[in-house]
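S.K.: Questions regarding the structure given below will be posed in turn.
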Amino acid sequence: MALDTIRIRGARTHNLKNIDLDLPRDKLIVITGLSGSGKSSLAFDTIYAEGQRRYVESLSAYARQFLSVMDKPDVDHIEGLSPAISIEQKSTSHNPRSTVGTITEIYDYLRLLYARVGSPRCPDHHFPLEAQTVSQMVDQVLAMESDPALAEQRWMLLAPVIRERKGEHVQVFEQLRAQGYVRVRVNGVLHEIDAVPQLGLRQKHTIEAVIDRFKPRAEIRQRLAESFETALKLGEGMVIVQSMDDGGRDPLLFSSKYSCPVCDYSLPDLEPRLFSFNSPVGACPECDGLGVTEFFDPVRVLAHPELSLAAGALRGWDRRNVYYFSMIQSLAKHYRFSVDTPWQELPQSVRDSVLFGSDGTEISFNYVGPHGRRNRKHAFEGVIPNLERRYRDTESAAVREELSKYISDRPCPACAGARLNRAARNVFVADRPLPDISVMPIDGALAFFEALRLPGWRGEIATKIVKEIRERLGFLVDVGLDYLTLERKADSLSGGEAQRIRLASQIGAGLVGVMYVLDEPSIGLHQRDNERLLGTLTRLRDLGNTVIVVEHDEDAIRLADHVVDIGPGAGVHGGEVVAQGKLADVLKAPRSLTGQYLSGKKKIEVPAHRNPPNRKLTLKLKGAHGNNLKDVDLEIPSGLFTAITGVSGSGKSTLINDTLYALAANEINGASHTPAPHREVQGLDLFDKVVDIDQSPIGRTPRSNPATYTGLFTPLRELFAQVPEARARGYSPGRFSFNVRGGRCEACQGDGLIKVEMHFLPDVYVSCDVCGGKRYNRETLEILYKGHNIRDVLEMTVEDALDLFQPVPSIARKLETLVDVGLSYIKLGQSATTLSGGEAQRVKLSKELSRRDTGRTLYILDEPTTGLHFHDIEHLLAVLHKLRDDGNTIVVIEHNLDVIKTADWVVDLGPEGGHRGGQVIATGTPEDVAANPASHTGRFLAPLLQKKAVRSNSTPKGAPVKSRKKIA
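Here the numbering used here runs 247 ahead of the position in the sequence shown, where the first position is 1.
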C-alpha cells in the first residue's frame, strides 16, 4: 500500500455510483459539485465515517461505550486513512453557559492566569489583599531597624479577637486570661486584662490581645517569628503591628490569607474554579452564572400601546376577559381615568399603578360572579406582579409556555452581566479584572496580551500561560473572527462562525498526521477575510495533515492541491467523479460544470439594466443602535432586489434580522418579537406579508420531510383517499399518514426502522420485519394510484413525482416550485434531519412560492447561497428575480459577489467588524458601491462589473432585457 495515497474503491454511499478515487495524503483537497451531487456523501459519510469508525474500533470495548460510532459506509475498500476529525457547519452549542471563551479553552487559561498571578482587592475599600508568610512579616518589621526614627519606637504585636461585634464579651476576656495574656486593647484603648471596664451590651466593640512588645532589632528575629505565629493563630490569620509611642506611624496590617485590613473582607487561596461561572464557587449567586435574569417585560405585555385598555392595550386585560377587565374598571374609577383613553395618553402615575400595583393603597373592586356582583376592598397587585405570581405558582406546562411570551432577559443587576461573583470580579491582572478581558473584541484582547509585562515572580509564572492565550487569540484572528468577544454566547453564533472557531481550536491543538474534513468553512465570510482563512487551511496542511474541504468558493478551489468535482447533476443525476486532479485538469474536463464556470465558458451575467428605486416607495428604518450599530439609518427601495453586504460582524444580521424583520413581523404578521433598539420605522404599510427564509431545519425529527413541510402530503393523501378501492373500503386521508394509527405499521409506529441498542457498539437500526421498512400496513399499501402506493410516492424524487402527478394541479404546483429552486433531486419522504442548511432554506422558499402572491411581500433571506454551486446560484437568482419582477421586495444578506452584482440596490455596512463596524459605508447600485474607496465590498466587486459596459453598449438604455426573468 502506498503511504502517500488514500485509495477508495466502490463507494456507493447514498447517491454515489460505485466510484473509485485516489486522493493524495497531506494535501489540501477540495471536493466541489452541484448541491446534492454527493459531495458530503463522499467526504463525510464515506471518508470521515470510515476514518472515525476505524479509530474508535481500535479502542477497548470499555472506551467504545462512551463514544458514538458512525455507521459503516457502503464502500468496497478504503486504505490510507488517518484518524479523522470533522468540522461541520452546525451550531456549536445551545447551552447558555457556552461562550466563545469556553469553546476555544481560552477562558480556561484566563482562569489559570488570574488564579496564579492575580491581585485580589477589597470590593469596598480597594485595598490589595496580600497573603504573607511569617518570614515575610518578620522581614518587613525588622526592616524598620534601618530607619532611625522607627528603630527607637516601641511596638506591640496585636491579634484581633473580636471585630465590630455587639456584646459584653466577658467569656472572651476570661479565655484570654486563662491563656496567660495580661494586656488587651479594647476599642483602641490599652488595658490590663484584670482592669477592663464593663462593655455596653448593645454597642459594637473591637478587642485585640497584646501578644508581644518590642523594638525592631535583628537579634529578636526568632522571638518575633514565634510571636507572629501565636498572633496569627489567635487572630485567625490577621496581625496588627502598632506603635506604642505618641505620634507613631500608622499600624502595619498583616494577613496570612487574602483579607482586607480594614473590613476583614477575606478570600481563600485563589484557584481557577473561583473564576468559573459554571462553578458554584465562582458564579454570581443572583443569576447562577448566566449573566442575565428573566423578567416580565412591560413592552411584551403591552400588545398595542396606541389602543385603550378597553380595546386591548394590555394582552388579556380587555373587555373579552370579564374578570380582569372589571378590575381595570375599578382602577379607572379610583384613579379617575377612562378605560377608552389610549394607553399612551394616560398619565405615567396611572400606567405605573396598572402595571406594578397600587403600592398598598386599598381600592374598592366590584366583581361579577355566578352569585351576582360583590364588592371587596384591597390593594391592587399590578399586571406584572400578577403574571409573576401565576408563572411561579402554576404547575401547568401550557400556562407556563403561554406566560413565557411576556418574559425577556436583562443583564443581572448584581454582576452587570459579568457572570462572576463579587470576589472573582475584584481580582486584577495589570489593573484589569477578568470580565474586562471577556468583553474585549478578540483583536483587542490579543493586543492587551501582546503588551502584557508582569514584574518579578508574577512575570515568570505568567509567561507560559500568556503564550498559550496569545496563540489561541491569534488563531481566531487568522480565521476572520477578530470582531467576536470571549463572552459571546455560543448559541448566538452562525454556523460559519462556529465552524471557524472549531477550526481555530484544531490549529491550536497542533496535531500532526490527522485527516480533517471541513464543510464550507468560507460560509458567512467576506471576501476580504477569505485570504486569511485559506492561509489557515494551508497552515493546517503544512503541519503534516490531510485537509479535505467541501467548498464552492472559487479562491479555495484555485488554491487546492487536488480538486474533485462530483456530478454531473444532482441526486440520481449525480454521484460520479466528473473531474479530478490539478486545477488545470478540472478546467479542461468537458463534463465539469465547475470547470466551465472557472474557465469563464459559463458565468452569471451582470444585468445590462437595473431597476431604479422609487423614492416615494421606500421602507425606512431610522436610528438603529442594537449591538454594534451606530445610529444607522436604512432605506430599502420597495419592489427591488436589495443586497445587504459588509465584512463579518459589521452588523448585517442585527440590522436586518434583529431589527427590521422583528418590526415588520410584529406590525404585519402580528408576531411578538422584541426588536433591537431603534428610533422609528416608516413604510411597513407598503407590504401585506413579511417572510423570513433562514437556514434553520424544517423539522427536528425524522418524521418531518419536504412533503409534510410544503403541505404536499395533504393533497397526496386526499388523492389516495379518492381512489375507488379506498372509497370502497371507507379510507379517509388520515389512513395514508404514517404519524397516526390506522394506516401505519404499528410494529414500528410508522418509522420503518426498529432501533436495537448494542451498548459499546453503535446502535443498529434494522428494517421492521412486519412492514419491511415500508412504514404502512399491508392494507394501506394495497391502494394504488397509477400502479404506485403511498410508500412508492414518498420514495420518488421531486422530478419523478412531477411526471406522475402533472395532471393534478394541487400537487403539480407544489412540485414545480421545488424544481424551480433546484431541488428536483430530493425525495418527497426524505427525512428533514438529512437536509443541509441550504436545502432546508430552499424548501422554505418553495413553500412560499407555492402560496398565492399579492406582489406586496417583503422577503428576507440570510445568505441563501450557502451550500450552492455556481450553477445552483443561477437557478436561485432566477427565482428571486422573478419574485422581484412580480412586485415583491427582496432583501438578501449576502457575501457572494455573483449575487451582489445582480442586485438592484446594495447597502454596505462596515468599515470593519465588531466595535469598529456598525455604520453604512456605501449605498446605491453595485456600480456606486464599487466606486466607493471606503467599501471593502466595492473593492472586490469592481473587477466583476468591468464587463458590464460591453453589454450595456449592445443594449439601449432602459430597454427591457428578456433574460432578466430567468438568468439561467
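Ideal Cβ placement from N, Cα and C applies to all residues, glycine included.
What number of angstroms, rounded off, separates the C-alpha of Lys1212 from the C-alpha of Gly898?
M.R.: With a pLDDT of 32 at Lys1212, under the threshold of 50, the predicted position of this residue should be treated as unreliable, though the coordinate-derived value follows. Approximately 32 Å, taken between the alpha carbons.
S.K.: For Ile1217, write down the residues that DSSP places opposite it in a beta bridge.
M.R.: This structure cannot speak to residue 1217, because the chain is shown only from 248 to 1215.
S.K.: Let's test the definition: count the other Cβ atoms within 10 Å of the Cβ of Lys1021 and tell me whether it reaches 16, buried, or not, exposed.
M.R.: In summary, Lys1021 is buried, with 16 or more beta-carbon neighbours lying within 10 Å of its beta-carbon over all protein chains present.
S.K.: Nearest-angstrom Cα distance between Asp1151 and Asn916?
M.R.: 26 Å
S.K.: Kindly say whether Asp802, judged by its beta-carbon, lies nearer than 9 Å to any beta-carbon of chain D.
M.R.: Looking for chain D here will not work: only one protein chain is present.
S.K.: Apart from the five residues on each side of it in sequence, which residues of its chain come closer than 7 Å, Cβ to Cβ, to Val364?
M.R.: Taking C-beta separations shorter than 7 Å and ignoring five residues to either side along the sequence, the partners of Val364 in its chain run Val676, Leu701, Arg705, Ile708, Ala709, following chain order.
S.K.: Which of the three DSSP states, helix, strand or coil, is assigned to Gln774?
M.R.: Under the three-state reduction of DSSP, Gln774 is assigned to helix.
S.K.: Could you give the DSSP three-state label for Ser979: helix, strand or coil?
M.R.: coil
S.K.: Please determine, among Val528, Asn613, Asn952, Tyr908, the residue with the shortest C-alpha to C-alpha distance to His581.
M.R.: Asn613
S.K.: Using the C-alpha atoms, what's the distance from His872 back to Pro854?
M.R.: 34 Å
S.K.: Within this structure, are the beta carbons of Leu1191 and Val1176 separated by less than 9 Å?
M.R.: no
S.K.: With distances taken between CB atoms, is the gap from Ile253 to Leu328 smaller than 9 Å?
M.R.: yes
S.K.: Check for me: the alpha helix (DSSP H) holding Gln422 runs from which residue to which?
M.R.: Start and end: 417-425.
S.K.: Between Thr948 and Thr1080, is the Cβ-Cβ spacing less than 9 Å?
M.R.: yes
S.K.: For the region 798-858, list the alpha helix (DSSP H) runs that are entirely contained and at least 4 residues long, ordered along the chain.
M.R.: Runs of the alpha helix (DSSP H) spanning 4 or more residues and lying entirely within the region 798-858 occur at 801-806, 830-835, 840-846, in chain order.
S.K.: List, from N- to C-terminal side, the beta strand (DSSP E) runs of 3 residues or more that fit wholly inside the region 886-919.
M.R.: The region 886-919 contains these whole beta strand (DSSP E) runs: 888-893.
S.K.: Which residue comes first and which comes last in the alpha helix (DSSP H) that contains Trp704?
M.R.: 703-725
S.K.: Alpha carbon to alpha carbon, how far is Arg259 from Leu840?
M.R.: Just so you know, the alpha carbons of Arg259 and Leu840 end up roughly 22 Å apart.
S.K.: Considering only the alpha carbon of each residue, which of Phe461, Glu628, Arg1025, Ser345 lies closest to Leu537?
M.R.: Ser345
S.K.: Assuming contact is defined by CB atoms lying nearer than 9 Å, are Ser573 and Leu376 in contact in what I supplied?
M.R.: no
S.K.: Compute the distance between the beta-carbons of Leu1096 and Val1068, then report whether it is under 9 Å.
M.R.: yes
S.K.: Could you tell me the distance, in whole angstroms, from the CA atom of Glu1063 to the CA atom of Glu718?
M.R.: 52 Å
S.K.: Under a three-way DSSP split, which group does Arg377 fall into?
M.R.: Per the sequence shown, the amino acid found at residue 377 is Glu instead of Arg. The three-state reading of DSSP puts Glu377 in coil, since its state is none of H, G, I, E or B.
S.K.: Tell me whether Asn777 is buried or exposed, calling it buried when 16 or more other Cβ atoms sit within 10 Å of its Cβ.
M.R.: buried
S.K.: Exposed or buried, which one is Tyr1226 when buried takes at least 16 other CB atoms within 10 Å?
M.R.: Residue 1226 lies beyond the stretch modelled for the chain, which goes from 248 to 1215, so this question has no answer here.
S.K.: Where do the N-terminal and C-terminal ends of the beta strand (DSSP E) with Pro407 fall, by residue?
M.R.: 402-413
S.K.: On the three-state DSSP scale, how would you describe Arg256?
M.R.: strand
S.K.: Is Asp832 near the ligand FAD, judged by its Cβ being under 8 Å from some heavy atom?
M.R.: Ligands displayed in this structure: none; no statement on the ligand FAD is therefore possible.
S.K.: For Tyr361, count the other beta carbons within 10 Å of its own beta carbon; 16 or more makes it buried, fewer makes it exposed. Which is it?
M.R.: Flag for Tyr361 reads buried.
S.K.: According to the neighbour-count rule (16 or more other Cβ atoms, all chains shown, within 10 Å of its Cβ), is Ala1237 buried or exposed?
M.R.: No information on residue 1237 is available, as it lies outside the stretch 248 to 1215 that the chain covers here.
S.K.: Got a sec? Which residues, its chain only, sit under 6 Å from Asn238 by beta carbon, not counting five neighbours each side?
M.R.: Because the chain in this structure spans residues 248 to 1215, residue 238 falls outside the shown range and cannot be described.
S.K.: Can you give the beta carbon distance from Gly908 to Asp935, rounded, assuming they're within the 8 Å contact cut?
M.R.: According to the sequence as given, residue 908 is Tyr; it is not Gly. Incorrect: roughly 16 Å between the Cβ atoms, too far for contact.
S.K.: On the DSSP bridge assignment, give the partners of Ser679 in chain order.
M.R.: With the sequence shown as reference, residue 679 is identified as Arg, and Ser is not the correct amino acid for it. BP columns for Arg679 point to Val676.
S.K.: Is it right to say Asn875 is buried, meaning 16 or more other beta carbons lie within 10 angstroms of its own, or is it exposed?
M.R.: With 16 or more other Cβ atoms within 10 Å, it is buried.
S.K.: Note down the Cα distance separating Ala644 from Tyr653, rounded to an integer number of angstroms.
M.R.: 15 Å
S.K.: I need the straight-line Cα distance from Leu887 to Pro1173, nearest angstrom please.
M.R.: 13 Å
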